[in-house]
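Below is one structure, written out as structure tokens; the observations come after it.
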Amino acid sequence: MHQVADIEVAKNIMDANKRLADKNLKHLEEKDIFCVDFVGAIGSGKTTLIEEIIDNTDYNIGVLAGDVISKFDAERIESHNVPVAGLNTGKECHLDAHLVHHGLHDLPLDDLDMVIIENVGNLICPVDFELGSHMRIVVVSVTEGDDTVEKHPIIFQTSDVIVINKIDLADAVGADIDKMVADAKKLNPNVHVITSNLKDGKGLDEIIQVIQDKKDSL
Amino acid sequence: MHELSMAQGILNAVIDTAESNNATEVTEVTIELGRLAMINPEQLKFILGVLVENTIVQDAEIIFEEIPVEVECSQCEFHGNAILDDKDHYAPMVKCPECDSLAVEILNGRDIVVKNIVIEKPDDN
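In order, the protein sequence lines correspond to chains H and B. Position one of the first sequence corresponds to residue 756 (this note's numbering), numbered consecutively onward. Position one of the second sequence corresponds to residue 3 (this note's numbering), numbered consecutively onward.
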């Protein structure tokens with residue numbers, strides 16, 4: 756004979772990541788390090804923005820470069836003479852706190868005051884995975900189409916700063932920059948929206964300033 | 003897009019609990035899915051169906067329950083369940099039900115929880 760039993764499991768599948776994200780943040784704060792993570796689609800300009808921040812600030816920056824194959828971005832960033840740890844996700848579509856935890860151990864944290872995390876190019880999956888950063892910046896380029904912001908509401912609603920990049924190409928691809936800015940502000944009325952053209956440096960000072968302001972506010 | 007790793011996490015939790023309760027079979031699994039988790043229930047069910055093959059979970063009925071989205075509005079200070087405007091999106095926009103603002107802090111509705119399982123096990127005698 757068998758008996759039937761109803762068993763409570765109450766296991767939150769997201770908890771393990773959240774706990775590790777909290778641990779990452781605590782670890783960074785013990786070392787007095789500010790952490791910002793960049794999300795955005797493939798080709799939005801995340802790596803270029805990180806390179807510009809490295810070249811135009813005096814922070815002691817270390818970078819965690821995440822990608823399905825991370826060596827390409829990691830090599831680019833390394834050429835700016837900062838420590839870089841590549842985080843290969845293989846087939847996964849996002850970084851998680853576990854990978855970041857390992858990456859942090861590969862950086863010389865005692866020499867740093869800022870860690871920048873570059874997530875995998877994806878506007879969907881990273882939403883589910885906190886990493887332990889103080890600030891999340893989403894980068895979207897006009898070349899992705901001017902409906903990209905309204906098509907991906909949650910990542911824009913939950914980020915601290917929205918950078919609309921490659922605005923010099925808007926006319927060429929028929930993108931309406933004002934619509935993208937309006938969509939971003941509608942989704943996230945309190946967010947900083949910054950338009951940029953990183954090849955000419957437009958918007959860079961403003962991006963660096965909001966990072967500094969957030970760092971100062973902690 | 004990350005349904006596979008989520009499904010594996012769910013299955014591990016189910017099998018761990020089932021085995022520690024001496025189950026011979028799992029007949030029902032109830033999963034709470036946050037409305038804002040970037041997971042499609044249909045895809046999750048499909049992947050789970052593949053992963054459970056040849057396990058004690060293979061004949062279980064998978065039941066999804068929705069976790070509503072709880073917010074705090076920064077405009078009018080409303081605290082409670084949000085309105086979800088999902089006419090154009092599976093991933094909906096989250097609004098305050100009092101003042102219609104999108105300036106809300108999301109407090110709940112992003113989790114994936116294995117709530118309970120129904121198992122068969124040998125009689126104690």
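Backbone N, C-alpha and C define an ideal beta-carbon position, used for all residues, glycine too. If you're wondering where the values come from, they're calculated on a predicted model, not measured in any experiment.
Contact with chain B is absent for V894/H, since none of that chain's Cβ atoms lies less than 8 Å from the residue's Cβ. Residue-level contact by beta carbon holds for L942/H and chain B, with a gap shorter than 8 Å. Contact annotation: the segment 809-818 of chain H does not touch the segment 903-919 of chain H, with fewer than three C-beta pairs closer than 8 Å.
It is roughly 28 Å from the alpha-carbon of I58/B to the alpha-carbon of M40/B. Here the alpha carbon of T19/B sits roughly 24 Å from the alpha carbon of E44/B. Secondary structure in the segment 764-804 of chain H: the alpha helix (DSSP H) runs of 4 residues or longer, each lying completely within the stretch, are 770-785 in chain order. Within the DSSP secondary-structure output, C78/B pairs in no beta bridge. Taking a Cβ-Cβ threshold of 9 Å, none of the residues of chain B is close to K957/H; the smallest such distance is about 27 Å.
Residues of chain B whose Cβ lies closer than 9 Å to the Cβ of Q912/H are, in chain order, M95, V96, L104, V106, I108. Less than 8 Å separates the beta-carbon of L878/H from that of H907/H. At a Cβ-Cβ threshold of 8 Å, I121/B and T29/B count as neighbours. Restricting attention to D866/H, V893/H, L862/H, F911/H, the CA atom closest to the CA of L804/H is found in V893/H. N945/H has a beta carbon lying within less than 8 Å of a beta carbon in chain B. K778/H and G887/H have their alpha carbons spaced roughly 7 Å apart.
Where V16/B is concerned, there is no enclosing beta strand (DSSP E), although the alpha helix (DSSP H) around it starts and stops at 5-22.
Under the three-state reduction of DSSP output, A105/B falls in the coil class, being neither helix nor strand. Non-local beta-carbon contacts of L864/H in its own chain, meaning distances under 6 Å to residues more than five positions away in sequence, involve K786 in chain order. Going by C-alpha positions, F827/H is about 30 Å away from K781/H. Residues of the segment 108-127 of chain B with a C-beta atom less than 9 Å from some C-beta of chain H are I108, R112, D113, I114, V115, V116, K117, N118, I119, V120, I121, E122, K123, P124, D125, D126, N127, listed in chain order. The shortest CA-to-CA distance from R37/B to any of E72/B, G111/B, K123/B, D87/B is the one to G111/B. Contact between the segment 113-120 of chain B and the segment 761-775 of chain H is present, with at least three C-beta pairs closer than 8 Å.
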